[in-house]
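**Q** Before anything else, here's the structure in question.
Numbering (the working numbering), first residue to last: 52 to 342.
Here is the structure:
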């Protein structure tokens with residue numbers, strides 16, 4: 052699970068201009084198209100590659116994250132950078148100037164790579180996968196556009212995953228398969244375009260394609276007990292059932308709201324995974340200026 056995700060650039064290279072035009076009409080992702088691999092290679096290797104740094108502390112036992120990274124400061128560093136980030140290159144295999152394998156091997160940036168092929172058998176394609184190539188797609192697939200969309204999203208997530216040290220996932224809900232599946236369902240069904248981790252338990256600020264903000268709130272038993280002890284009996288009974296949450300996003304930090312504003316920040320949990328309860332709700336929060 053990435054700690055953050057935002058739209059990045061994809062490049063698709065194919066000498067068949069009719070194929071490129073068909074993809075341009077079918078794919079909504081931020082994609083740049085090249086029919087000449089030499090021109091594409093020159094363009095790619097001139098890109099200013101930027102790897103953001105995460106300032107995250109942890110406790111001595113690595114049992115959980117002890118603090119979140121400063122989201123506002125983090126996005127300040129990304130200003131003017133992230134919208135131009137290149138995360139994925141897709142290339143046809145059979146091209147006259149150079150084949151796709153050679154083209155992808157000559158890319159200097161640490162981006163994800165997909166091979167498109169209509170002439171290579173699956174065994175040969177599997178053999179080259181991993182040899183500087185992350186995945187391959189058969190161009191003859193009847194659901195090519197759908198497959199491409201899914202592969203693009205999958206590899207862009209992996210692109211962001213590698214920016215986060217693997218030890219940060221130790222004993223975290225972020226590596227739970229059921230959590231990841233549910234998270235992806237929420238992303239797809241609500242047209243979420245970008246998201247940012249808010250705390251160690253797996254709560255995220257999410258922003259859709261219309262710049263509307265949503266809170267994906269994930270609470271564990273410890274947080275629920277803190278909320279139960281904070282409020283009066285009628286609120287306690289609802290919280291004790293573990294099907295309700297109460298939380299407020301204030302200055303990009305999750306806090307327990309004051310007594311007079313409880314109704315506004317009281318959410319029904321949509322999903323329970325072990326000791327974690329999850330709610331998803333639209334919130335009255337302007338998109339941060341630097342996101």
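Every residue gets a Cβ at the ideal spot worked out from N, C-alpha and C, and that includes glycine.
1) So if DSSP puts residue 264 in a beta bridge, which residue, or which two residues, is it bridged to?
2) Roughly how many angstroms separate the alpha carbons of residue 164 and residue 183, rounded to a whole number?
3) Given this structure, state the Cα-to-Cα distance separating residue 379 from residue 93, to the nearest angstrom.
4) For residue 140, list the residues DSSP reports as bridge partners.
5) Cα separation between residue 274 and residue 319?
6) Which runs of the beta strand (DSSP E) at least 3 residues long sit entirely within the stretch 220 to 252? Give them in chain order.
7) Take residue 167 as the anchor and find which of 153, 55, 187 and 209 has the nearest alpha-carbon.
8) In this structure, how does DSSP classify residue 159 when only helix, strand and coil are distinguished?
9) Taking residue 211 as the reference, which of 224, 256, 161 and 243 has the closest Cα?
10) Going by C-alpha distance, which of 261, 77, 85 and 323 is nearest residue 241?
11) At 3 residues or longer, and completely inside the stretch 71 to 97: list those beta strand (DSSP E) runs for me, N to C.
12) Let's see if you can read the secondary structure: which residues bound the beta strand (DSSP E) around residue 188?
13) If we call anything under 7 Å between Cβ atoms a contact, is residue 192 one with residue 198?
14) If we call anything under 7 Å between Cβ atoms a contact, is residue 244 one with residue 231?
15) Alpha carbon to alpha carbon, how far is residue 328 from residue 248?
16) To which residues does DSSP link residue 328 through a beta bridge?
17) What are the start and end residues of the alpha helix (DSSP H) that includes residue 212?
18) Any idea if residue 323 is buried or exposed, counting beta-carbon neighbours within 10 angstroms, 16 or more meaning buried?
19) Just checking my contact of residue 64 with residue 81 at CB under 8 Å: how many whole Å lie between their CB atoms?
20) Please go through the same chain and pick out, in chain order, the residues whose beta-carbon is closer than 8 Å to the beta-carbon of residue 334, but skip the five residues on each side of it.
21) When you compare only the Cα positions, how much space is there between residue 54 and residue 88?
22) Strictly by DSSP, which residues pair up with residue 55?
23) Nearest to residue 305 by alpha carbon, out of 213, 196 and 270?
24) Grab me the residues of residue 86's own chain with a C-beta within less than 8 Å of its C-beta, minus the 5 sequence neighbours each way, in chain order.
25) Within 10 angstroms of the Cβ of residue 91, are there 16 or more other Cβ atoms? Answer buried if so, exposed if not.
26) So residue 74 packs on residue 226, CB below 8 Å; how close in whole Å?
**A** On the basis of the supplied data:
1) The secondary-structure analysis by DSSP pairs residue 264 across a beta bridge with 258.
2) The alpha-carbon atoms of residue 164 and residue 183 are separated by roughly 7 Å.
3) Here the chain has residues from 52 to 342 only, and residue 379 is not among them.
4) In the DSSP output, where bridge partners are listed per residue, residue 140 has 62 and 164.
5) When the Cα atoms are used, residue 274 and residue 319 turn out to be separated by approximately 15 Å.
6) Taken in chain order, the whole beta strand (DSSP E) runs of length 3 or more contained in the stretch 220 to 252 are 243 to 248.
7) Shortest Cα-Cα distance from residue 167 to any of 153, 55, 187 and 209 involves 187.
8) If DSSP states are grouped into helix, strand and coil, residue 159 belongs with coil.
9) Selected option, being the one with the closest Cα: 161.
10) From the listed residues 261, 77, 85 and 323, the smallest Cα separation to residue 241 is found for 261.
11) Counting whole runs of 3 or more residues, the stretch 71 to 97 contains the beta strand (DSSP E) stretches 82 to 85.
12) Segment 186 to 189, the beta strand (DSSP E) holding residue 188.
13) The beta carbons of residue 192 and residue 198 sit closer together than 7 Å.
14) Cβ atoms of residue 244 and residue 231: not closer than 7 Å.
15) Rounded to whole angstroms, residue 328 to residue 248 spans 16 Å at the Cα level.
16) Bridge partners of residue 328 according to DSSP: 270 and 323.
17) For residue 212, the uninterrupted alpha helix (DSSP H) segment begins and ends at 195 to 212.
18) Counting every other CB atom within 10 Å of its CB across the protein chains shown gives residue 323 a total below 16, marking it as exposed.
19) Between residue 64 and residue 81 the beta-carbon gap is near 16 Å, outside 8 Å, which marks them as no contact.
20) 264, 265, 266 and 300.
21) When rounded, the distance between both Cα atoms is 33 Å.
22) Answer by DSSP bridge pairing, in chain order: 247.
23) Cα-wise, what sits closest to residue 305 is 270.
24) Counting only Cβ-Cβ distances below 8 Å, and skipping sequence neighbours, we find 64, 65, 66, 67, 68 and 71.
25) In summary, residue 91 is buried, with 16 or more beta-carbon neighbours lying within 10 Å of its beta-carbon over all protein chains present.
26) 34 Å between Cβ atoms; not a contact.
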